[in-house]
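Working notes, structure below.
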Amino acid sequence: MDPIRTMLFSLPLCALALPAAAMPRCGAHDAIVAQLAERYGESRKAIALDGANQVVEVFASDDTGSWTLLVTRADGQSCLLAAGQAYEPLDERLAPTDPNA
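Following the UniProt record's numbering, the numbering of the sequence shown begins with 1 at its first residue and continues without gaps.
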């Protein structure tokens, strides 16, 4: 499984781990993306659909290592799910597991 897919599978767990004060902040996609670019120098690094057909995007800054996880629902509302530091892009293949082991 590739790193982005692994991260996307762990999204529900990340959302449940957010403290109440850090509940997702939502708004217009264009406005949020503009703020990520202006304030943090972040640009989109990955995009995918989750099981509920929501668009999941990873934004990050190559200069500072900051990152943000953004989800856009079917109704067009975008919500920040998580953010942090030490973003590092990977292009590695995970070794296949042996089902007979």
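We treat Cβ as the ideally placed atom computed from N, Cα and C, and that holds for glycine.
Whole-number beta carbon distance between residue j and residue i, since they are thought to touch under 8 Å
i	j	result
L80	I32	7 Å
Exposure label - residue i; buried when at least 16 CB within 10 Å
i	result
E88	exposed
C14	Low per-residue confidence applies at C14: pLDDT is 46, beneath 50, and the placement is therefore not dependable, though the value from the model is reported in the following sentence. Burial call: exposed.
E92	exposed
A90	Before going further, note that residue 90 is Leu rather than Ala in the sequence given. Classification for L90: exposed.
L69	buried
L94	exposed
D2	Note that D2 scores a pLDDT of 47, beneath 50, so its modelled location is shaky and nothing firm can be said.
L36	buried
A21	For A21, the predicted structure reports a pLDDT of 45, less than 50, and the residue's modelled location is therefore unreliable. A value from the coordinates is still provided. Exposed.
Straight-line gap, residue i to residue j (C-alpha atoms, nearest Å)
i	j	result
R39	T64	11 Å
P67	F59	The amino acid at residue 67 is misidentified as Pro; the sequence shows Trp. Roughly 6 Å between the two C-alpha positions.
R44	P96	28 Å
S61	Q85	9 Å
A74	A34	20 Å
N53	E42	24 Å
A28	V71	11 Å
E57	I47	4 Å
Per DSSP, cross-strand counterpart(s) of residue i
i	result
Q77	A28
E38	BP columns for E38 are empty, so no partner.
residue 102	In this structure the chain extends from 1 to 101, so residue 102 is not present and cannot be described.
G84	W67
S43	A60
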